[in-house]
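2 protein chains.
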Amino acid sequence: MRITKQQADENKARVVETAARLFREKGFDGISVAELMHASGLTHGGFYNHFESKEALETAACAHVFDKSVAAIEAIAAIAEPQERAEAFEAYRRRYVSRKVRDYSATACPMVAFAGDVSRQPAPVREEYAAGLRRYLQAFERASAADGLQGEAKRQARLRAMAGARTLARSVAETDPALSDEILEAAVAALEPAP
Amino acid sequence: MRITKQQADENKARVVETAARLFREKGFDGISVAELMHASGLTHGGFYNHFESKEALETAACAHVFDKSVAAIEAIAAIAEPQERAEAFEAYRRRYVSRKVRDYSATACPMVAFAGDVSRQPAPVREEYAAGLRRYLQAFERASAADGLQGEAKRQARLRAMAGARTLARSVAETDPALSDEILEAAVAALEPAP
DNA sequence: TGTACATCAGTGAACGCGCGTTCACTGATGTAC
DNA sequence: TGTACATCAGTGAACGCGCGTTCACTGATGTAC
Chain Y
0 MRITKQQADE
10 NKARVVETAA
20 RLFREKGFDG
30 ISVAELMHAS
40 GLTHGGFYNH
50 FESKEALETA
60 ACAHVFDKSV
70 AAIEAIAAIA
80 EPQERAEAFE
90 AYRRRYVSRK
100 VRDYSATACP
110 MVAFAGDVSR
120 QPAPVREEYA
130 AGLRRYLQAF
140 ERASAADGLQ
150 GEAKRQARLR
160 AMAGARTLAR
170 SVAETDPALS
180 DEILEAAVAA
190 LEPAP
Chain X
0 MRITKQQADE
10 NKARVVETAA
20 RLFREKGFDG
30 ISVAELMHAS
40 GLTHGGFYNH
50 FESKEALETA
60 ACAHVFDKSV
70 AAIEAIAAIA
80 EPQERAEAFE
90 AYRRRYVSRK
100 VRDYSATACP
110 MVAFAGDVSR
120 QPAPVREEYA
130 AGLRRYLQAF
140 ERASAADGLQ
150 GEAKRQARLR
160 AMAGARTLAR
170 SVAETDPALS
180 DEILEAAVAA
190 LEPAP
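Sequence order for the protein chains is Y and X.
Counting in numbering that gives the first Met the number 0, the first sequence runs from 0 upward without gaps.
Counting in numbering that gives the first Met the number 0, the second sequence runs from 0 upward without gaps.
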């Protein structure tokens, strides 16, 4: 059953992508190695050909998710034309607290998806998360400053309010959708438009 | 080994208190029935004399924690003298984002402690959480309005920013205390003083 | 009030189950000649 | 280029372990007389 080296690399990458999706949806402890492997089209026995442990995959998935989130914000901060940049950033913030994004928890922001879980995970996972969070906060701060909002405290409050809204909205999304919607709507109402 | 009815009731109450503490600290799935019973000074076999299942204890603990949190805010909202009330409320908000409170995760706010876990728990636990969150938001809104801050959207943004700060600060507390402190300090800086 | 017995909170061994991980095996790929 | 063999990604059964839950048992409490 030996396969091409390239095929094997693709399989590993696919497992990380699948894990990035399912860990966000169900939590690190909410999905088993066997389930992850089957969701990636493989059987569980081969897992340890690619990863030293489940913890190693958690670390890799965490880094992967933050990479994508940070890249998305940096792309906005990098827009040269100020008006266009401000509009893209406002659209980003509006999308962040939209129902659509809340309902696809598989693509959730890593801050929201992992925050509760991560402090109970082994140290390497926690460290990857902390490093990712730092990168994310810095990228957000850059985009936020470029957006023209004055005062770092105010800019950080904006981020915290967004993250708080998503966390709370998600926690009751299945059980009390009306309350969940209310929380998001209040968050949208509180968005200051781009200047 | 039969004991007094009163003694048995006290034992049950103690298990709920212990669970309220340890579920917040380690998550619903982070502590076993046996550990909970031993932490309450009992052995695990007797658990099912008091609770139908672990899930039933989770529900009871969730309600218990929200009861206490809501009572704390309502006590503030009930203060008659406006100046005194506003000061008490500001002190509450300041305490909420303090390092001291962050470092005692066993007494954490239920919104922060349970938000990540709860959406993966069985329906009764989720429902108890949703009901508790509703009560908490309403109590906070009452206290916030009595504090004199204008605009419901603004008042809710304040709550979300507080919860977001605590969630993020907690998630990196062990791994990156400096970042965790930064997040809390930014939250303190963003607190509008009572009028 | 005193006696006889049923009750039931608590105990600790045992259960089945799912988990992360290991292992012997397979067979196409990659390599040495 | 063709052949012989070593490599190793993938397979699925099996492992030990901790979990939630069950159970037979204990013995002081509560109750019926």
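Ideal Cβ positions, reconstructed from N, Cα and C, are used throughout, including at glycine.
Given the structure is predicted, the values throughout are model-derived calculations rather than measurements.
For the stretch 103 to 127 of chain X, residues whose beta-carbon sits nearer than 9 Å to a beta-carbon of chain Y comprise S104, M110, V111, A112, F113, A114, G115, D116, V117, S118, R119, A122, R125 and E126. Y128(X) places its beta carbon less than 7 Å from that of C61(X).
Taking 7 Å as the cut-off, the Cβ atoms of R133(X) and G163(Y) do not count as close. The beta carbon of T58(X) does not come within 7 Å of any beta carbon belonging to chain Y, so the residue lies off that interface. Contacts with chain Y at 7 Å (Cβ-Cβ) do not include D146(X). Within the same chain, no residue comes within 7 Å of A156(Y) by CB-CB distance, once the 5 residues on both sides are set aside. Between the C-alpha atoms of A77(X) and D146(X) there is a straight-line separation of about 11 Å.
Residue nearest to E51(X) within the set S97(X), L178(X), A152(X) and V32(X) is V32(X) (criterion: CA-CA distance). Interface flag for L21(Y) against chain X is unset, since no Cβ pair is found closer than 7 Å. Secondary structure note for V64(X): its alpha helix (DSSP H) is the uninterrupted segment K53 to A76.
Counting only residues of its own chain and dropping the five nearest sequence neighbours on each side, V69(Y) has a CB closer than 7 Å to the CB of R134, Y135 and A138.
Here the alpha carbon of A79(Y) sits roughly 29 Å from the alpha carbon of R165(Y). Of all C-beta pairs linking the stretch 92 to 100 of chain X to the stretch 115 to 124 of chain X, fewer than three are shorter than 8 Å, placing the two stretches out of contact. For F22(Y) and Y91(X), the gap between their C-alpha atoms comes out near 35 Å. In chain order, A168, V171 and A172 place their CB closer than 6 Å to the CB of S179(X), counting only its own chain and leaving out the 5 sequence neighbours on each side. The beta carbon of A152(X) falls within 7 Å of a beta carbon belonging to chain Y, placing the residue at that interface. Judged by DSSP in its simplified three-state form, E140(X) adopts helix. Just so you know, the alpha carbons of A152(Y) and N48(X) end up roughly 52 Å apart. C-alpha of E181(X) to C-alpha of I2(X): approximately 52 Å in a straight line. The Cβ of L183(X) sits no closer than 7 Å to any Cβ of chain Y. Setting aside the 5 residues that flank it on each side, V111(X) is surrounded in the same chain by A162, R165, T166 and R169, each with a C-beta closer than 8 Å to its C-beta; the list follows chain order. For A188(Y), the uninterrupted alpha helix (DSSP H) run begins and ends at P176 to A189, by DSSP. Pairing T58(Y) with A38(Y) gives a Cβ-Cβ distance that is not under 7 Å. Chain-order list of chain Y residues neighbouring E54(X): empty, with the shortest C-beta distance near 14 Å, by a criterion of under 7 Å. In this structure, A142(X) and I72(X) form a Cβ contact; the two beta carbons are roughly 5 Å apart against a cut-off of 8 Å. Within the model, the alpha-carbon separation for E184(X) versus K4(X) is close to 49 Å.
Of all alpha-carbon atoms in E86(Y), A85(Y) and G40(Y), the one lying nearest the alpha-carbon of R13(Y) is that of G40(Y). Under the three-state reduction of DSSP output, R119(X) falls in the coil class, being neither helix nor strand. Judged by their CB atoms, F65(Y) and I75(Y) are not nearer to each other than the 7 Å cut-off. With a threshold of 16 other beta carbon atoms within 10 Å, R20(X) meets it and is buried. With 16 or more other CB atoms across the displayed protein chains lying within 10 angstroms of its CB, A107(Y) is buried.
At a cut-off of 7 Å between beta-carbon atoms, G45(X) makes no contact with chain Y.
Burial state of A114(X) is buried, judged by a 10 Å Cβ sphere holding 16 or more other Cβ atoms.
Assigned with DSSP and collapsed to three states, L132(Y) falls in helix.
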